[in-house]
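In the working numbering, the protein residues as written are 29 to 249. Heads up, the beta-carbon is just placed ideally off N, CA and C, and yes, glycines get one too. These figures come from a predicted structure and were not determined experimentally. Have a look at the structure below, then the notes.
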Amino acid sequence: MVREWTDDQRVEARERAIKQGLGRKGEITEAPSAEAMLLAKAQGTPPQQTTEELSAVIDKETMGGDRGTIDHTKPGLVRVYKPTAYGFKPRRIPVTNLAQALKGGFLPHCPDCNPRGIDGEDCGDGINDCPAREKRAYRVCPIPQCGKQIYDYQQDIAGEQDEDAMRIDDDAYMQATPALRTKSVLDKHMLSLHPNEAAAAGIVAPSLRAVERRVPDVSAV
Ligand SMILES: [Zn+2]
Ligand SMILES: [Zn+2]
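See the structure below:
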C-alpha cells in the first residue's frame, strides 16, 4: 500500500532530512565556512554616511548667500584579522575589499584565541589584547599629540639550544633586549616624525653617531 503523505508530513520529513545533513539529492550539505559567513554578513553592512557643510568645501565668495550640505557615502567597514610581523592583527577594512582581503590571507576571526571562529569571541584591537599570545614589551612616543605605541618586533625564542660547533654566536646581537630594540625603533620614529624634539632630546641618527665618534674631542686639548 502506498503511503499517503499530507503536505505537513512532507515538510516535516524534508526538515528532518536537512537536519541529518542530507540535501536535495541526498548529498551531505556542508556547513558554510567562516569566510563565507562573513562575506554574507558583510552584504548587510550599512554604508558610512557623512555630511559636510558646503562652506567647508567652497570658499565664501563663490558661494555667496548659498547655504547647504554635501552628503558623502563610503562603504561600511568590517573587522578582520590581518597577517603581520606581530601575528594576526585586527583591522577594519571597507566591505568592498573584503573578498580580496580574505583571498590574500586575512582571517575572519583571531586564529590564536578564537580558532573555532565563534562570533563575538575575538580579542580586542591592541597587540597585547590577545589572551592566547605572548605579551610584547612596548614604548609610547613621548610627543603627546602622537602617542604612538612601539612594540618590540622580536620575541625571545626560548629552548632553542642547537649545539653546533660551527655556529658563531654574535654577542653584539645577543645582548639586544626588548628595551634596547624598542628604543632604537622609537629613536628612528622621533628622527623622522618629530625632528625638532629629537634634536632637543639629543637623539642622533646612527650614521651621524659614527661621524661624531671620529671627530677628535677638542675640549680635552
Ligand atoms: Zn586573539
Ligand atoms: Zn610620535
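Beta carbon proximity, residue i to chain B, threshold 9 Å
i: lysine 176; result: Given the protein chain composition of this structure (a single chain), no chain B is represented.
Reduced DSSP secondary structure (H/G/I, E/B, other) of residue i
i: histidine 222; result: coil
i: glutamate 81; result: strand
i: arginine 195; result: coil
i: valine 168; result: strand
i: histidine 217; result: helix
i: lysine 176; result: coil
Classification of residue i by the beta-carbon crowding that lies within 10 angstroms, buried from 16 upward
i: valine 168; result: exposed
i: alanine 227; result: exposed
i: leucine 208; result: exposed
i: threonine 210; result: buried
i: asparagine 142; result: buried
i: isoleucine 178; result: buried
Sub-9 Å separation of residue i and residue j beta-carbons
i: glutamate 81; j: proline 136; result: no
i: aspartate 140; j: alanine 160; result: yes
i: threonine 97; j: glutamine 76; result: no
i: valine 123; j: glutamine 71; result: yes
According to DSSP, residues forming a beta bridge with residue i
i: glycine 110; result: Here the sequence assigns lysine to residue 110, which means glycine is not the residue at that position. Looking at the DSSP assignment, lysine 110 forms a beta bridge with Lys117.
i: threonine 101; result: Gln77
i: proline 139; result: Paired residues: none, contrary to the question.
>> Considering only heavy atoms of ligand 2 and the C-beta of each residue, which residues fall inside 6 Å, strictly closer?
In response: Per the Cβ criterion, the list is Cys169, Ile171, Cys174, Lys176, His217, Leu221, His222.
> Whose beta carbon lies closer than 7 Å to any heavy atom of ligand 1, going through the chain in order?
Replying inline: Any residue whose Cβ sits closer than 7 Å to a heavy atom of ligand 1 makes the list: Cys138, Asp140, Cys141, Asn142, Asp150, Cys151, Cys158, Pro159, Ala160, Arg161.
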